[in-house]
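Notes follow once the structure below has been shown.
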Amino acid sequence: MTPAKLKVALAYGCHKSELREADFFRAELAEQIACGHILVLRLSSVRHLGRIWLSPVAEISQEGRRHKLIYDFTWIGLNLAVHCVAPSEVMRFGAALTRLLRAILGADLELGPILMSKLDFSD
Numbered sequence: 003m004t005p006a007k008l009k010v011a012l013a014y015g016c017h018k019s020e021l022r023e024a025d026f027f028r029a030e031l032a033e034q035i036a037c038g039h040i041l042v043l044r045l046s047s048v049r050h051l052g053r054i055w056l057s058p059v060a061e062i063s064q065e066g067r068r069h070k071l072i073y074d075f076t077w078i079g080l081n082l083a084v085h086c087v088a089p090s091e092v093m094r095f096g097a098a099l100t101r102l103l104r105a106i107l108g109a110d111l112e113l114g115p116i117l118m119s120k121l122d123f124s125d
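Sequential numbering of the sequence shown, starting at 3, is according to my numbering.
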């Protein structure tokens, strides 16, 4: 991230939902830190690295479900800068993907369009 983009990112800060749901953010980030999913560092400790990227954090409210944090990696071009280097064998679908594709291909379209739903069982 160039110094100019870093300045823009710092000025932008977090998403407005962070202000609205500050207690949720603190609790969720503390849990993610405790689980080792994220590491929080002072900007002064990493600013000199040059290859630092910042992205806003936002909260998604879902009626009847637990709130969720998202990290907006599309913001300020981060997704475009990422190189996909993970080996394809780390993507494990088991037989689920094959079963899903077969069910879609074998569906009777005269009964109407194919509808799908993704459920998050962690809620």
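Yeah, the Cβ is synthetic: ideal placement off N, Cα and C, and Gly gets one too.
Keep in mind the model is a prediction, meaning the values are calculated, not measured.
From what residue to what residue does the beta strand (DSSP E) around Val59 run? To locate residue 59, count along the sequence shown from 1; it is residue 57. First-last of the beta strand (DSSP E) with Val59: Val59 to Ile62.
Which residues in the same chain as Cys37 place their Cβ atom closer than 6 angstroms to its Cβ, once the five residues preceding and following it in sequence are excluded? In the sequence shown, residue 37 corresponds to position 35, counting from 1. Once the five neighbours on either side are set aside, Cys37 has no close Cβ partner at all.
Counting beta carbon pairs with one atom in the region 5 to 12 and one in the region 45 to 57, are three or more of them shorter than 8 angstroms? yes
To the nearest angstrom, how far is the alpha carbon of Ser47 from that of Ala32? Position 45 of the sequence shown, counting from 1, holds the residue named residue 47. Position 30 of the sequence shown, counting from 1, holds the residue named residue 32. Between Ser47 and Ala32, the C-alpha separation is close to 20 angstroms.
So what does DSSP say about Ile54, is it helix, strand or coil? Numbered from its first residue, the sequence shown carries residue 54 at position 52. Coil at Ile54, not helix or strand.
Expressed to the nearest angstrom, what Euclidean distance is found between the alpha-carbon atoms of Asp25 and Gly114? On the sequence shown, position 23 is the one that residue 25 refers to. On the sequence shown, position 112 is the one that residue 114 refers to. As the crow flies, the alpha-carbon of Asp25 is around 44 angstroms from that of Gly114.
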